[in-house]
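As you go down the protein sequences, you meet chains A and B in turn. Position in the first sequence (first residue = 1) + 229 = our numbering. Position in the second sequence (first residue = 1) + 8 = our numbering. Heads up: the structure comes next, in structure tokens.
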Amino acid sequence: GGLCLHQENEAKSEGRAELIPSIKLRHCCLLRNQRCVTAYLYDRLLRIRALRWEYGSVLPANVRFHMCAEELQWFSQYKKSLASFMRSLGGDEGLDITQDMKPPKSLYIEVRCLKDHGEFEIDDGTVILLKKNSQHFLPRWKCELLIRQGVLEHVVS
Amino acid sequence: MFIADIRKDFYEVVANQRVVLLVAPDIDALCACKILQALFHCDQIQYTLVPVTGWQDLGTAFLEHKEQFRYFVLINCGANVDLLEMLQPDDDSIFFICDTHRPVDVVNVYNDTQIKLLIKQDDDLGVPSYDDIFRDEDEEGEDSGNESDEGSEPSGKRRRFDEGAVERRIERQRAKREWEARRREILFDYEQYEYHGTSAAMMFFELAWVLTKDTKDMLWWAIIGLTDQWVHDKITNMKYVTDIATMQRHVSRHSHRNEDEENSLSIDCMRISFEYDLRLTLYQHWSLYESICNSCYTSCSFKLWTLNGQKKLQEFLADMGLPLKQVRQKFNSMDMSIKENLRDVIEESSNKYGMKDIRIQTFGVHFGFKNRFLASDMVHATAALLESAEKDDSETDTFIKALDALSRSNIDRLHSGIELAKKKLIAIQQTVASCICTNLILSQGPFLYCYLMEGTPDVKLFSKPMALTLLCKYLLKAFVLSTRNKRCKLLPLVMAAPKDVEKGTVIVVGIPPESETSDKKNFFGRAFEKAAESTSSRTLHDHFDTSTNNAENRFLDGKLFLKFPERERCE
């Protein structure tokens with residue numbers, strides 16, 4: 230290799246056919262690199278989409294740190310898209326399909342607090358103090374997010 | 009006040025409310041907690057569970073939750089102190105107390121509004137009557153009113169009336185002093201001994217039964233709670249046997265199934281059975297030999313810390329025709345032919361060696377092919393987990409681990425508990441042997457005293473109250489059998505071990521003298537208080553058991569001041 234574009238064109242048009250295989254090889258390499266990069270970016274996209282399902286609509290700072298501006302923009306558009314889809318389901322109120330990802334066995338679950346998390350408000354305004362090693366019996370939907378974040382642990386008896 | 013109908017006055021009251029469960033660190037409390045949690049899960053009663061290891065924890069937990077919760081359920085804590093005085097709650101906080109500690113504080117008994125006791129009233133309570141301890145103060149006002157009336161009379165008559173009024177006043181004051189003296193005496197008699205009532209786990213099981221929501225798991229937990237009281241010597245033999253009979257009725261009810269060839273239950277189902285089994289701790293999970301060596305009953309009967317005792321053990325085994333090789337193997341690997349009649353064979357030989365009570369009434373559970381446990385196995389395993397001395401584990405961490413071990417889905421945790429229990433038992437026996445052989449038990453006048461120094465092997469294990477208490481009891485039994493001093497055999501024992509080396513604190517327990525017919529009443533609560541006063545050292549009466557105390561090292565210098573209130577002298 231090492232030929233510049235001009236020389237390559239000259240080689241082609243002037244019949245220096247012995248350069249063609251090198252040209253073809255280089256071109257294939259470039260195309261392959263392009264495919265790799267595209268695959269990588271697409272994989273990132275799929276993971277960012279999965280983040281919406283795992284973390285909810287607000288991403289933690291340490292995750293946002295690893296995303297570029299375009300990706301953040303894509304994420305917020307995906308969020309909007311998902312939100313308008315969810316609103317269109319289930320009549321007036323919409324349906325939050327990011328909850329209960331696995332079929333729930335019960336309305337209330339027992340959770341154990343793995344680290345001190347302070348106060349936590351539940352539906353009717355009551356505040357529960359989440360202290361390490363305390364256990365609580367709470368409505369499932371309130372706990373899901375904290376379980377995913379690793380603050381609470383579902384205790385199965 | 010005592011609750012009359014546990015369903016109406018407790019369960020239905022909390023049914024639509026949020027509750028805080030404050031649970032003490034003993035196995036009976038853990039079992040009671042599991043039963044109550046299962047009931048709450050059934051009826052979707054939201055709760056928060058907070059383990060509390062002592063009075064300070066209890067106070068802190070109360071302060072943290074009092075804004076948000078109105079109903080508090082206390083398990084195995086709170087009955088033996090004036091709870092309202094200690095916690096200073098708002099008027100709308102309600103406390104449901106299910107506690108085995110006795111005597112129940114009189115204020116708790118007679119409070120009508122905020123304290124609800126989940127305790128059976130036929131439980132040998134002996135509560136003084138209301139009039140003997142509480143007195144209405146408005147009797148004082150009467151005569152001063154009369155006196156001012158009489159002031160308007162002519163002076164001649166006035167003197168006579170005044171004399172009459174003065175006499176009446178003197179008489180009243182005398183009566184009041186007498187009443188107060190009697191009151192002091194009554195309260196003193198009532199509060200001098202600490203003892204334990206019916207298991208909390210059994211109380212909650214009864215609640216489950218009344219609601220017809222009782223399951224085999226709950227029954228098993230109730231049995232473990234009762235067995236905990238027996239293992240840790242909290243109830244008399246008679247009470248244990250009576251309560252076993254109660255549980256046996258429930259077991260029969262749950263096991264009543266027409267099982268035959270076609271309709272047999274799956275092997276994985278849980279079966280609870282009554283067992284008249286050997287008093288050899290953990291023997292089915294150990295080797296028979298090790299169990300005999302490390303169970304208090306056999307170890308003390310043979311006096312295994314002496315050479316003679318070891319020889320007697322060998323004779324005993326030979327007498328039963330059990331080859332040493334078999335007996336040292338894991339129990340499950342012993343020959344079937346030996347295991348078949350083992351209990352009867354051992355009972356027969358034990359009688360010859362003076363061990364009349366080698367068998368004890370208890371229950372066993374089995375589910376699946378491999379999982380067989382006796383109630384006492386469960387107690388020892390969970391107690392070992394609860395008090396394990398791992399560096400990283402806080403007391404609430406161990407509480408959670410022990411609580412988990414009670415669920416049938418956590419067999420691994422239970423097995424690790426069994427291993428820890430074995431180590432603990434071996435440590436206890438070795439410490440007992442070394443204390444006896446090196447004469448570490450000193451006679452200090454009215455009591456025996458033993459101090460485990462820093463650097464004693466396994467001393468960290470004994471910085472925990474249940475382990476130290478168990479050691480104390482085994483040690484006293486062993487001592488009584490090995491001493492020739494008749495007077496010493498009747499003395500109580502006080503033991504101390506270092507608790508926190510950096511802070512210079514020790515843990516002290518006291519147990520009453522060893523006797524066949526012990527009523528399990530402990531007078532050390534009062535004695536420790538008095539001793540602390542005399543040495544002006546700080547003691548943290550933090551434990552819910554008044555016979556266990558944390559104190560500064562200085563307290564031990566004051567042990568000579570341990571005087572027991574006069575009344576005990578007539579033992």
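Even for Gly, the Cβ is constructed at its ideal location relative to N, Cα and C.
Asked	Found
From B:LYS360, B:LYS485, B:GLU560 and B:ALA40, residue whose alpha carbon lies closest to that of PHE213 (chain B)	B:ALA40
Cβ-based neighbour list, ASP276 (chain B), same chain, cut-off 7 Å, excluding 5 preceding and 5 following	PHE375 and GLY376
Residues that GLN369 (chain B) bridges to, as DSSP identifies them	B:TYR284
Within-7 Å CB hit, VAL266 (chain A) to chain B	no
Beta-carbon contacts of TRP229 (chain B) that lie in its chain and below 7 Å, excluding the five residues immediately before and after	CYS39, LYS42, ILE43, ALA209 and LEU414
For TYR19 (chain B) and ASP151 (chain B), the rounded distance between their alpha carbons	Reliability of the predicted coordinates at ASP151 (chain B) is poor, the pLDDT of 44 falling under 50, and the value obtained from them is presented with this limitation in mind. C-alpha separation (whole angstroms): 49 Å.
Own chain residues within Cβ distance below 7 Å of GLN64 (chain B), not counting five before or after	ASP550
Residues bridged to SER451 (chain B) (per DSSP)	B:LEU456
Per-residue burial, GLN378 (chain A) [other beta carbons within 10 Å of its own, 16 or more giving buried]	exposed
Amino acids of chain B, ordered along the chain, whose beta-carbon sits closer than 9 Å to that of PHE349 (chain A)	Going along chain B, no residue has its Cβ under 9 Å from PHE349 (chain A), so there is no contact; the nearest lies around 11 Å.
Three-way DSSP call (helix, strand, coil) for PRO465 (chain B) in this model	coil
Reduced DSSP secondary structure (H/G/I, E/B, other) of ASP508 (chain B)	strand
Between the CA atoms of ASP285 (chain B) and VAL89 (chain B) - distance to the nearest angstrom	38 Å
Residues within the stretch 52-83 of chain B neighbouring chain A, beta-carbon criterion of under 9 Å	GLN52, ILE53, GLN54, TYR55, THR56, LEU57, VAL58, PRO59, ALA69, GLU72, HIS73, GLU75, GLN76 and PHE77
Sub-7 Å separation of ALA559 (chain B) and VAL502 (chain B) beta-carbons	no
Outcome for TYR337 (chain A) when other beta-carbon atoms lying within 10 angstroms are tallied against a minimum of 16	buried
THR61 (chain B) vs GLU403 (chain B) beta-carbon contact at 7 Å	yes
Proximal residues to LYS409 (chain B) (C-beta, below 6 Å), its chain only, five neighbours per side dropped	LEU393
Bridge-paired residues (DSSP) for LEU30 (chain B)	B:VAL58 and B:LEU82
Whole beta strand (DSSP E) elements within the stretch 301-368 of chain A, 3-residue minimum	337-342, 347-350, 356-359 and 364-368
Beta-carbon neighbours of ILE357 (chain A), restricted to chain B and to distances below 8 Å	THR56 and GLN76
Touching by the beta-carbon criterion (3+ pairs, under 8 Å), the stretch 426-441 of chain B and the stretch 341-359 of chain B	no
Given 8 Å, three or more beta-carbon pairs between the stretch 188-201 of chain B and the stretch 358-373 of chain A	no
Test item: CB-CB of PHE470 (chain B) and LEU460 (chain B) under 7 Å	yes
The beta strand (DSSP E) enclosing ALA582 (chain B), as first and last residue numbers	Coverage of chain B is limited to positions 9 through 579, which leaves residue 582 (chain B) absent and any answer about it impossible.
Contact under 7 Å by Cβ, ARG341 (chain A) with GLN306 (chain A)	no
Cutoff 6 Å; reference MET328 (chain B); Cβ partners in own chain excluding five residues on either side	VAL353 and SER357
Cβ of HIS295 (chain A) within 7 Å of any chain B Cβ	no
Chain-order list of residues whose beta-carbon lies under 7 Å from that of TRP294 (chain B) (same chain, five-residue window excluded)	PHE339 and LYS430
Under 7 Å between C-beta atoms of TYR297 (chain B) and ARG336 (chain B)	yes
Residue(s) in a DSSP beta bridge with ASN530 (chain B)	B:GLU202
Nearest neighbour of ASP508 (chain B), chosen from B:LEU479, B:ILE519, B:SER137 and B:LYS472 [CA to CA]	B:LYS472
Where GLY518 (chain B) falls: helix, strand or coil (DSSP)	strand
Spatially closest choice to PHE532 (chain B) from B:VAL115, B:ALA539 and B:SER555, by CA coordinates	B:SER555
Same chain, Cβ closer than 6 Å to SER309 (chain B), five either side skipped, listed in chain order	MET363
Residues that GLY382 (chain A) contacts on chain B, provided the C-beta gap is smaller than 8 Å	The amino acid at residue 382 (chain A) is misidentified as Gly; the sequence shows Glu. Correct list: empty, because the minimum Cβ distance to chain B is about 10 Å.
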